[in-house]
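Per our numbering: the sequence shown = residues 37 to 663. All remarks here apply to the structure that follows.
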Amino acid sequence: MFRKIVSHLPFSPSLVSELGFYAKRLKKEEATRRIGLILTALALVVQSFAVFSPPESANAANSGDLVYGGITTKKQLLAAWDNNTQGYRELLQHAGLTRANVDAMKDSEIHSRTKGKDAGWLTWNRTSRGGAKYNETTMTVGKQTIYVRSLAAFDVNNTTGNGSYYPAFVGKNSKGEAVAIMKGCANITMKKRPKTDKDIEVCDITSRKVITIRESQFNSSKHSKKVADCKEKPIEVCNLTTKKTITIDERDFNASKHSKNLEDCKEKPVMIEVCDLVSQKMISIDQKTFDAKKHSKNPDDCKPKPTPTAVCSSLTAKKITRTKTTLTASASTANGATIKSYTYVIKDGAGKEVLRKTVNTPSATSSVDYTTEQEGTYSASVTVATSLGDKTAEACNDTFTIEPPERCAINPDLPANSPDCQPCPGNPELWVKDEECSAKVIRNKKATNLVAGADATTVVAKANDRIEYVLTARNDGSAPAEFDFEDDLSDILEYSTLSDRGGGELDEQTKVISWKGVHLEPGESQSRTYVIQLAGQISAMSRGTSDPSSYDCQLLNTFGDTIEIAVDCPAPKVIEQVVPELPKTGPTENMIFAGVLVSIVTFLYLRTRQLDKEVRLVRREVTAGTI
């Protein structure tokens, strides 16, 4: 229109009025497009908020998360390692990860299925969901109980379709195995099902102390599973400083301070030649034993007298207890001979001297006690020191045997008097600490819809329905069991409240109901009951991001048996199940679309302003008479 008016204006000046009318139209159009541009700019600002600050699910965290609320950044992941949040570092280490492995992980995603089949990813969780239905197993890491099940179990409706993508940090552990850490829940995901890593008591060979380590940390060169190896082994030595015989632990032996030769603690006598006034013979005696009434340093005092005699008569070994033996020796003298002392020597079966003891007495009899735990046959001999010299004889030798202690009938490795020598309560033929003497608790569960009067799994639960759960534990093992009834109600309480606890205690944070300290004898079974009541109005809460099984129109929990109860959800939830998610549009697509729209609106506004300016210029020229 503008071009037509301008081209005909020189030939028809009357068209100036039409040009004025067109100018007014352009003014109105400019105002309209200005408002459109402003509204489009405001819409772009609102869109930017949605792109850069997306809404989060109101149900983003779950009790099954390894780190409650999950992790979104590498910084948060490394912080969970450094702080060992909820024992998370122990779990990562059990997966074969080091801090360097974690730091090297890439921000990516994993897929639960390939061509409709389970991709093989196994995810770790703190709570049980689905049990055997989802190939779930249990493992222990230190004091933490972890449930391992297929990642495909998280898929919406648990279908066998194309599966789902899950944002994750993906990398490899120190063994080169693929490991993924899911962002929404911090759950560890691997292709391999790990083993339980329990605590065990071992003897540290170096320090000889009993310590507790993880089973995976056992090193036969450093540890021994026989705790008895840490017991002290006493030995008798000579203290070279004090010249006294002492008993020390074998590991405390120091060759510079001690000697295993007990003779080193005996003073060496200074022998002198004297005349024995009784025997009238020259003899050698210890200078310390010189007695002027018995001896003379003058050899001339030894004149012929009746020949004195001295003999060792006998040695008898008498068992007092299994470990204690009394050696009794006798000797006789005549014609002035005297007895000075008795020296006892005991040797083990290998001929090693284990005791040498001198009893100084002039008596015709003497005795000494010997105690040892070492089994075997021992030989004993005695030498009698007399005024006529040392005397011994064949009769002054004897033997005795230290019998092994009586052994435990059900465990020969233990002595009969050991406090651990006890039979298994459920099987007297087994030792109490035998691997087979253990409790084996079997869990069972059933649910009844009290309103419908039927098995709760066969009917749809409606608003205000009351459902009774019965938990049963039976000990099929050979030993008593100290058992805690525990049932996770986190999924059940999404749609209901606990109306009758049945004497149990409910943890308001974890949503676990428990009956503590239940004692189960072998073959005994006990049951616990609680009742829940569905809400008067079933919640339309959407599924959670970290656990799509939450608010899924089902009451699901596991106590040995997995109980699934369908819930009569409102219409929005039915739509959610049919259309689980909206088409995915990322920030890039949204910003491109908004940019194109703003460009078009800006172009139209500027074009209108240009035409308005050109009309004003034409009217000015017409008024000036140049056209």
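For each residue, glycine too, the CB sits at the ideal point set by N, CA and C. Predicted model only: the values in this text are computed from it and were never measured.
From the DSSP output, which residues share a beta bridge with residue i?
i, result
"K481", "L507"
"Q180", "V177"
"I628", "I628 is not bridged to any residue."
"Q590", "A602"
"G207", "V215"
"M307", "D322"
"R682", "Not covered by the structure: residue 682. The range shown for the chain is 37 to 663."
"Y380", "K393, V418"
"L534", "I568"
"A353", "L363"
"R149", "D154"
"Y170", "The partner list for Y170 (beta bridge, DSSP) is empty, contrary to what the question assumes."
"D597", "F595"
"M226", "L158, V215"
"S260", "C239"
"I375", "T422"
"I247", "V238"
Find the nearest neighbour of residue i within the set the options, judged by alpha-carbon distance.
i, options, result
"V206", "T225, C221, D524, P464", "T225"
"P440", "K552, P459, Q410", "Q410"
"N290", "I271, G372, G132, N223", "I271"
"S7", "S243, C589, Q569, I568", "The structure shown does not extend to residue 7, since the chain is modelled only from 37 to 663, so the question has no answer here."
"K476", "T644, P558, V468", "P558"
"T33", "N500, T484, R502, D501", "A query on residue 33 cannot be resolved here, the shown segment of the chain reaching from 37 to 663 and no further."
"G553", "R564, P459, D470, K280", "R564"
"F190", "C266, W157, T173, V177", "W157"
"P455", "P342, M218, I446", "I446"
"K269", "T408, S350, N371", "T408"
"D524", "L450, A499, I599, L466", "I599"
"T419", "Y378, L450, E430", "Y378"
"K427", "L351, A499, C460", "L351"
"T437", "G385, N453, P448", "G385"
From the DSSP output, in three-state form, read off residue i for me.
i, result
"P344", "coil"
"S314", "Checking the displayed sequence, the identity of residue 314 turns out to be Val instead of Ser. The answer is coil: DSSP assigns V314 none of H, G, I, E or B."
"K649", "helix"
"E369", "According to the sequence shown, residue 369 is Thr rather than Glu. In the structure shown, T369 sits in a strand (DSSP, three-state: E or B)."
"R287", "helix"
"C266", "helix"
"Q569", "strand"
"K33", "The first residue shown for the chain is 37 and the last is 663, placing residue 33 beyond what the model contains."
"S144", "strand"
"N275", "strand"
"R643", "helix"
"E92", "Because the pLDDT of E92 is 49, which lies under 50, any placement of that residue in the model is unreliable, and the number read from its coordinates should be weighed accordingly. Of the three classes helix, strand and coil, the one that applies to E92 here is coil, per DSSP."
"N297", "coil"
"E389", "strand"
"F521", "strand"
"T195", "The pLDDT assigned to T195 is 49, lower than 50, so where the model puts this residue is not dependable; a value taken from the coordinates is nonetheless given after this. Coil."
"L363", "strand"
"D527", "coil"
"L64", "The displayed chain sequence assigns Lys, not Leu, to residue 64. Here K64 sits in helix by DSSP."
"V138", "helix"
"S252", "helix"
"T493", "helix"
"S84", "helix"
"D337", "helix"
"T13", "No answer is possible for residue 13: the residues shown for the chain start at 37 and end at 663."
"R358", "coil"
"S575", "coil"
"L133", "coil"
"L486", "coil"
"R635", "Per the sequence shown, the amino acid found at residue 635 is Ser instead of Arg. Helix."
Please report the Cβ distance between residue i and residue j, rounded to the nearest whole angstrom; I am assuming they are in contact, meaning their Cβ atoms lie under 8 Å.
i, j, result
"P305", "D322", "4 Å"
"L313", "D337", "6 Å"
"I182", "R162", "7 Å"
"V246", "A131", "Actually they do not touch by this definition, with Cβ atoms about 29 Å apart."
"A365", "I375", "Contact doesn't hold; Cβ gap of about 10 Å is too wide."
"A630", "V496", "Going by Cβ atoms, the distance from A630 to V496 rounds to 45 Å, so no, they are not a contact pair."
"G540", "Y566", "6 Å"
For chain C, check one thing: does any of its Cβ atoms lie closer than 8 Å to the Cβ of residue i?
i, result
"V273", "Absent from the structure: chain C. Only one protein chain is present."
Tell me whether residue i counts as near the ligand MN, meaning its Cβ is closer than 7 Å to at least one heavy atom of that ligand.
i, result
"C221", "The ligand MN is not part of the structure shown, which contains no ligands of any sort."
Practice task
Give, in chain order, every unbroken run of the alpha helix (DSSP H) that is at least 4 residues long and sits entirely within the segment 96-128.
Solution key: You should have 110-119.
Practice task
With a floor of 3 residues, list each beta strand (DSSP E) that falls wholly inside the segment 394-472, ordered by position along the chain.
Solution key: DSSP runs (the beta strand (DSSP E)) wholly in the segment 394-472: 401-407, 412-422, 425-427, 433-438, 463-467.
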